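Counting from 1, position 13 in the sequence shown corresponds to residue 67 in this note's numbering; the numbering is continuous, with no gaps.
Ideal Cβ positions, reconstructed from N, Cα and C, are used throughout, including at glycine.
As the structure is a prediction and not an experimental result, all values here were calculated from the model.
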Amino acid sequence: MKRYFKITCKACNVDMWEVTGAVKHKIGTENILISNAPFFFCETCGDVAYRKGLGITDILVKAYREGYNVVIFDEEDLAFLNNPKSGRSETEGDEKA
Ligand SMILES: [Zn+2]
């Protein structure tokens, strides 16, 4: 498995290498920081992009709705998105045994 990915910046047509770090996003009126996230960064224009399938958008939406300003990204813990920390979603019906 390759460790590092790269894509091409659509604006600059230069390589964007994947790095890991903190990225700040503005969602509505809130700034939400995703820490420890793998992202592509263009050194020319400063653009940031993500690998597909990371669920960054879902994470941001969830963080915004729940009022978090900092999210620590854990690629091995993406399942948390489907498992509210209460263990039970308010909108769920009966659980199947
Ligand atoms: Zn660029």
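Are there 16 or more other CB atoms within 10 angstroms of the CB of residue i, so buried, or fewer, so exposed?
i: Phe59; result: exposed
i: Val77; result: buried
i: Thr145; result: Summary for Thr145: the model assigns pLDDT 47, below 50, so the residue's position carries little reliability, and this model does not support an answer.
Leaving out five residues on either side along the sequence, give the residues of the same chain with a beta carbon under 7 Å from the beta carbon of residue i.
i: Cys96; result: Cys63, Cys66, Val68 and Met70
Helix, strand or coil: which one does DSSP assign to residue i?
i: Val68; result: coil
i: Thr111; result: helix
i: Lys106; result: coil
i: Glu129; result: helix
i: Glu84; result: strand
CA-CA distance, residue i and residue j?
i: Tyr48; j: Gly100; result: Residue 48 lies beyond the stretch modelled for the chain, which goes from 55 to 151, so this question has no answer here.
i: Phe94; j: Ile61; result: 7 Å
Quick check: is any heavy atom of ligand 2 less than 7 Å from the C-beta of residue i?
i: Ala65; result: You won't find ligand 2 in this model; what it holds is ligand 1.
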